[in-house]
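Engineer:
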Amino acid sequence: MEEEPLSPYGASLTSMLQPMVAKCDDSVQSVLSSQTALADQIDRVAAELQGFLKSSQIPSFSPHAQRLADVRKRVSVANATLSQVQARLKRIEAIAEQVASKEV
């Protein structure tokens, strides 16, 4: 099935939106990858710290362990937000394609 050519309005709208959506999507993907790597590192450090706390009687590390747990929660929230942004970008791209195809 061949696609019908876009109207000038649809073509310009599509050509304007596609690079922006693609750039945003690439940025979101990059941030998601970074956030995943950060979450993995935080989990690893938290596990090591928990092991150290269990074998040690030094109470001063408890606040640090709590901070790591708090950061882990914030990273999880940031990942959820980024996933929502990515879904919205995909919906915007789909709407732009629909508008462009209707302009034919």
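Quick note: the sequence shown uses the numbering used here, first residue 13, plus one each step. Glycine residues also receive a C-beta, built at the ideal position from the N, C-alpha and C atoms.
1. Can you tell me whether residue 42 is helix, strand or coil according to DSSP?
2. What residue from 44, 79, 42 has the CA that sits closest to residue 55's CA?
3. Tell me whether the segment 46-60 and the segment 86-96 touch, counting them as touching only if at least three CB pairs, one residue from each stretch, are closer than 8 Å.
4. Would you call the CB atoms of residue 65 and residue 51 closer than 9 Å?
5. Of all the alpha helix (DSSP H) runs that stay within the bounds of the segment 46-114, which reach a length of 4 or more residues?
Structural biologist: Short version:
1. Shown here, residue 42 sits in a helix according to DSSP, grouped into three states.
2. 79
3. Yes: the two stretches touch, three or more of their Cβ pairs being nearer than 8 Å.
4. no
5. Scanning the segment 46-114 from its first residue to its last, the whole alpha helix (DSSP H) runs of 4-plus residues come out as 74-114.
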